[in-house]
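What follows is a set of notes on a single structure, which appears directly below.
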Ligand SMILES: Cc1cc2nc3c(=O)[nH]c(=O)nc-3n(C[C@H](O)[C@H](O)[C@H](O)COP(=O)(O)OP(=O)(O)OC[C@H]3O[C@@H](n4cnc5c(N)ncnc54)[C@H](O)[C@@H]3O)c2cc1C
């Protein structure tokens, strides 16, 4: 018999699958190939986070290495984006850094750019420390910074001072008011402020947002400060806008997650947009004829 939780999970997956390439590496690469053919850069992420066992961590490292070596077979120049807690940050910072290094070494031989995703603020210091240690040795390495955190302006200045590469995001994790901007207005204002600093003083950065106001801000700044940057958007969101930006001559990367651990990622996407919750409700109703 199917339990209520199983039904709910099925309905949720029905909505979530628009954001996820599939469960296998080949499905991720096939999706990446389609986007690549449309003129997008691609960044692959294996779903999963907060790993605590050596087995989970090793499996993740091996999968990322397979993605890296498969890019050339699929004739894609791509990147990967990795969460520190999927490489063992909860086990030890030292272990996590070693694991990143082994992935980056594999990436370096195949021109693959590696991004460090930024998770909730309790991991920001460790993630930055790992980044600084590795960026001293490997250039093709970037890090996400979250505009919803009050500390990010200082972190951005520190990263720019060493020539580091930044992906600016609004921030997907629930944070407390002592350390974070809470209202959309405040987060947006900070995003625009940090973006301006990036255009003035940075180069080779990612403007990762689906928000038309932020994107318009970036296209205006790009005229004033000609910099090497790319827009970055998640797979399955604002596909028409992606093509329009490419047509207008902007570089754009699509972040493509794959894997079976799709629930936490999908819940973050659902929470970002009221319309997604409504979609979830209506697909539940139509499935069960409530
Ligand atoms: C490439 C990439 C990498 C990321 N990496 C990280 C990371 O490492 N750490 C982290 O904390 N977060 C990360 N995020 C998530 C990010 O922090 C935000 O949670 C997420 O991008 C939503 O914020 P937004 O900038 O799109 O603006 P929002 O304020 O969520 O949305 C603003 C507007 O965008 C439009 N929009 C949003 N979603 C849709 C949609 N589905 N369809 C149509 N229009 C839509 C709507 O007009 C909406 O009002 C990443 C995001 C991207 C794009």
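Residue numbers (our numbering): 1249 to 1538.
The beta-carbon is built from N, C-alpha and C at its ideal position, and this holds for glycine as well.
Since we're looking at a predicted model, the values are computed, not measured.
- In this structure the region 1397-1408 does not lie against the region 1348-1362, because fewer than three pairs of beta carbons, one per stretch, are closer than 8 Å.
- Two segments are said to touch when three or more pairs of C-beta atoms, one from each, lie closer than 8 Å; by this definition the region 1423-1431 does not touch the region 1444-1455.
- Within the same chain, Cβ atoms closer than 6 Å to the Cβ of residue 1516 are found at 1420, the five residues on either side in sequence being excluded.
- A distance criterion of 8 Å places the beta-carbon of residue 1362 beyond contact range of ligand 1, judged by its closest non-hydrogen atom.
- With 16 or more neighbouring CB atoms inside 10 Å of its own CB, residue 1439 falls in the buried class.
- For the pair residue 1444 and residue 1465, the CB atoms are nearer than the 9 Å cut-off.
- Using a 10 angstroms sphere on the CB of residue 1370, the tally of other CB atoms stays under 16, which defines it as exposed.
- Taking a 10 Å sphere around the C-beta of residue 1514, we find 16 or more other C-beta atoms and assign the residue as buried.
- Per DSSP, reduced to three states, the secondary structure at residue 1489 is helical.
- Per DSSP, residue 1334 is not a residue of any beta strand (DSSP E), being assigned neither H nor E.
- A distance below 8 Å between beta-carbons, with the five flanking residues on each side excluded, links residue 1498 to the following residues of its chain, in chain order: 1467, 1470, 1478 and 1479.
- Placement of the Cβ of residue 1417 at a distance of less than 8 Å from at least one heavy atom of ligand 1 is found.
- In this structure, ligand 1 has a non-hydrogen atom nearer than 8 Å to the beta-carbon of residue 1486.
- In the displayed model, residue 1424 falls within coil according to three-state DSSP, outside both helix and strand.
- In this structure, residue 1328 sits near residue 1355, with a CB-CB distance shorter than 9 Å.
- The beta carbons of residue 1337 and residue 1365 sit no closer together than 9 Å.
- At a cut-off of 8 Å, the beta-carbon of residue 1432 counts as near ligand 1: some heavy atom of the ligand is closer than that.
- Take the alpha-carbon of residue 1360 and the one of residue 1316: they are about 7 Å apart.
- Here residue 1286 carries a coil assignment [DSSP, helix/strand/coil].
- Ranked by how close their Cα comes to the Cα of residue 1331, the residues 1322, 1418, 1287 and 1308 have 1308 in first place.
- By the Cβ rule, the region 1379-1395 counts as touching the region 1407-1419, because three or more pairs are nearer than 8 Å.
- DSSP lists 1480 as the beta-bridge partner residues of residue 1456.
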